[in-house]
Amino acid sequence: MAGGDSTARAAKPSIPWKTRLLIAGHTLAVDLSRRSNGTINRGLMNFLDAKAPASAEPIKGVTSSDITVDPSRNLWFRLYNINPLAAAADESKLPIIVYFHGGGFTFFTSDTKPFDDFCRRLTSELPAVVVSVSYRLAPENRYPSQFDDGFDTLKFLDAYEGLHLPHNVDLSRCFIAGDSAGGNIAHHVTLRAAMNHCEFKKLRLAGLIAMQPFFGGEERTESELRLTNVPFVNVERSDWSWRAFLPPGSNRDHGAANIFLGADVSGVEKYPATIVFVGGFDPLQDWQKRFYEWLNKSGKEACLVEYPKAIHAFYGFPELPESSLLVTEAIVISVNYRLAPEHCFPSQYDDGLDTLKFLDANDGLHLPQYADLRRCFIAGDSAGGNIAQHVMARAATNHREFEKLKIAGLIAMQPLFGGKERMESELWLTNTLSVKLDRSDWMWRASLPLGSDRNHEASHVFSGVDVSGVENYPATMVVVGGYRGFDPLQD
């Protein structure tokens, strides 16, 4: 999309002047510190690299602490968690994100301020427990030091979970993430962990988040040759980073850089679902898209997210619109549908489907330019979860009526379904705050056609309904009030 876009070819990225100053300062610090012989003036870089200390006191609701994995190689990570008071009040477990920062394998650490700020945002807004790995840097420590450090950090977390991780972390939902060179490291660490999954007792790979990952090769791609005057990345800087990182005498077709030459992940069963983020003003975008295509061809689940106007490392600048999208990754539309009993079935379902059609026909008039209708999730809670399911089924059955909108998933949060049968949870949970049998029955009488009972197809979707033949019915996440929870509708 972005790579062949004639607009992107002619245009330059729109960046606020304050952001341009920050980018210029960052670029100057890196260029002044790196030498033509492949070494780095560490003293100068450490002086210019703004740091952020760990904080046991919550900053914007997030605490942080530094934990050593191996002092002999200065391997450590910064641990981010939500405010302990909030964590104590909420008994639910949070996923863990093991994050690898960018910097061409040669610059920065986990306490570099932009990376610290970004990890705090991830922790707060997702929410999640984030582990930011401060791996060894090249050229002092070349390949495979960074991959070793990443894999050893995973083993450390698995072995010492109770000592170093908060009680609210769920190691069985471990996402590996990284940006730029960190995205490269994230892939290699994920592959190694997937191939050696038997070595882990508790940690389970749930997904890979590759943010503009740094891959390369001897080939010069179209985007590398075209985008020569954009922030951060150009061919000369990329080549310098590869020479500093790869073993002496290697070229850019080394397996660490050009992962597509002869590599095969099709037989690696535990390699997880992957999301790849790409920017339209990133010279590396062709390699990143090749990564996505390679995963698909290998039979792995992969999703490509393209931001046509994004520069490399856009996520480090909260003022850029794509940065907010990366974290929240959603534009939310709340539908104000007609209400029963004034408007009974199927008014609410009609309103939902017609809203989807309206968005499909008028996206340019009402939606922001960065909205991606190809990744439309339908969501709803309680009665809204019921509506979401029925709207989803209609949209999937009639998918050819939509030109741009594509259904990516259904999120059903404690959806309201029912029937004449009384479920065990309905009979057991009679004193909850919001849902009781008499209230549920009243709502069904108010919303269903006159004379219908609770086995009507709107409430009891399981009576004779078959979605097995609905090819475009998407992946669905159902949120329930916990095993033996306090929602009478849970059964």
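Per our numbering, the very first residue in the sequence shown carries number -14; after that it's consecutive. We treat Cβ as the ideally placed atom computed from N, Cα and C, and that holds for glycine. The model shown is predicted, which means the values in this text are computed figures rather than measured ones.
Would you mind sorting residue i into buried or exposed? The rule is 16 or more other CB atoms within 10 Å of its CB.
i, result
"Met196", "buried"
"Asn169", "buried"
"Arg63", "buried"
"Thr415", "exposed"
"Pro1", "exposed"
"Ser226", "buried"
"Ala(-7)", "Residue placement at Ala(-7) is flagged as unreliable, the pLDDT there being 42, under the threshold of 50; a coordinate-derived value is accordingly withheld."
"Asp451", "exposed"
"Leu148", "exposed"
"Lys36", "exposed"
"Glu209", "buried"
"Leu350", "exposed"
"Thr12", "exposed"
"Ser(-9)", "Low local confidence applies: a pLDDT of 40 at Ser(-9) is under 50, so the model's placement there is unreliable, and no value is given."
"Glu409", "exposed"
"Ala171", "buried"
"Thr478", "Lying before the first or after the last residue shown, residue 478 is absent from the chain, which here runs from -14 to 476."
"Lys274", "buried"
"Cys159", "buried"
"Asn383", "exposed"
"Gly(-11)", "Any answer about Gly(-11) is weak, because its pLDDT of 42 lies below 50 and its placement is not dependable; what the coordinates show is given next. Classification of Gly(-11): exposed, given that the 10 Å Cβ count is below 16."
How would you write the range of the beta strand (DSSP E) that residue i sits in, first residue to last?
i, result
"Thr259", "259 to 266"
"Tyr65", "60 to 67"
"Asp51", "47 to 55"
"Glu456", "No beta strand (DSSP E) contains Glu456, which DSSP labels as neither H nor E."
"Ile392", "392 to 398"
"Ile81", "79 to 85"
"Cys159", "154 to 164"
"Gly88", "Unbroken run through Gly88: none, as it is neither H nor E."
"Ser488", "The first residue shown for the chain is -14 and the last is 476, placing residue 488 beyond what the model contains."
Determine the direct distance from the alpha carbon of residue j to that of residue i, and round the result to whole angstroms.
i, j, result
"Phe217", "Ala9", "9 Å"
"Lys282", "Pro56", "41 Å"
"Gly301", "Ser308", "7 Å"
"Pro233", "Gly23", "11 Å"
"Ser50", "Glu304", "26 Å"
"Asp238", "Met180", "23 Å"
"Leu435", "Gly403", "17 Å"
"Lys187", "Asn31", "37 Å"
"Val174", "Gly88", "17 Å"
"Phe558", "Ala378", "The chain is shown only over -14 to 476; residue 558 falls outside these bounds and no answer can be derived."
"Ser444", "Thr259", "36 Å"
"Pro112", "Ser21", "42 Å"
"Arg19", "Phe93", "13 Å"
"Asp249", "Phe132", "18 Å"
"Ile81", "Arg222", "32 Å"
"Tyr120", "Leu324", "56 Å"
"Asp134", "Asn371", "47 Å"
"Leu246", "Glu456", "35 Å"
"Val47", "Ala178", "28 Å"
"Glu203", "Gly369", "53 Å"
"Ser235", "Asp224", "12 Å"
"Ile396", "Phe362", "7 Å"
DSSP state of residue i, grouped into three classes?
i, result
"Asn347", "helix"
"Glu184", "helix"
"Met408", "coil"
"Trp132", "The displayed chain sequence assigns Phe, not Trp, to residue 132. Note: Phe132 maps to helix in three-state DSSP."
"Pro293", "strand"
"Ala35", "coil"
"Val174", "helix"
"Val15", "helix"
"Gly23", "coil"
"Ala364", "strand"
"Thr94", "coil"
"Val215", "coil"
"Ala431", "helix"
"Val446", "coil"
"Ala179", "helix"
"Ile8", "helix"
"Ala287", "strand"
"Val220", "helix"
At which residues does the alpha helix (DSSP H) containing residue i begin and terminate?
i, result
"Glu209", "207 to 211"
"Ala241", "Unbroken run through Ala241: none, as it is neither H nor E."
"Leu190", "No alpha helix (DSSP H) contains Leu190, which is instead part of the beta strand (DSSP E) from 190 to 196."
"Gln376", "Position check: residue 376 holds Val in this sequence, whereas Gln was assumed. Unbroken alpha helix (DSSP H) run through Val376: 368 to 382."
"Val253", "Looking at the DSSP string, Val253 is not in any alpha helix (DSSP H), and its letter there is neither H nor E."
"Gln475", "It is not in any alpha helix (DSSP H) - Gln475 carries neither H nor E in the DSSP assignment."
"Gly234", "From DSSP, Gly234 is part of no alpha helix (DSSP H); its letter is neither H nor E."
"Asp271", "270 to 282"
"Glu146", "146 to 149"
With 8 Å set as the bound, which would you pick, yes or no: does the beta-carbon of residue i sit closer than that to a beta-carbon of chain D?
i, result
"Val174", "The structure shown contains no chain D, having only a single protein chain."
So does residue i have its beta carbon nearer than 7 Å to some heavy atom of the ligand NAD?
i, result
"His182", "Among the components modelled here there is no ligand, and therefore nothing to report on the ligand NAD."
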